[in-house]
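In this note's numbering, the protein residues as written are 107 to 218. Step one of this worksheet: look at the structure below.
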């Protein structure tokens, strides 16, 4: 019986390769990834609250600006063809993920 390489199978293989690379990479890459996630969380939680207090009535514009910056980072990330990513792109992407996580976390805290 022949096996077919479906999209789901390709997705599983990519996830496996990325997890293996994350767990077996150099200490510099892993520590930079963790530190940039934490830095993104710190920046996301502190700067958003600072901006929201600074521009009291223009909160939708601040949110719109944040969405634009995040989308530009995602679009720029898709142009990187190198495997594994360069350290700068890894740090930028993890800062973005940390910032988004902190904003969502703050929203859940305010909602509950």
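Heads up, the beta-carbon is just placed ideally off N, CA and C, and yes, glycines get one too.
- Three or more beta-carbon pairs drawn from the segment 197-206 and the segment 131-146 are found closer than 8 angstroms, and the two stretches are therefore classed as touching.
- Taking all protein chains shown into account, residue 109 has fewer than 16 neighbouring C-beta atoms within 10 Å of its C-beta and is therefore exposed.
- One alpha carbon belongs to residue 167, the other to residue 153, and they sit about 14 angstroms apart.
- The three-state secondary structure of residue 163, taken from DSSP, is coil.
- Fewer than three pairs of CB atoms, one per stretch, sit closer than 8 angstroms, so the segment 172-188 makes no contact with the segment 121-135.
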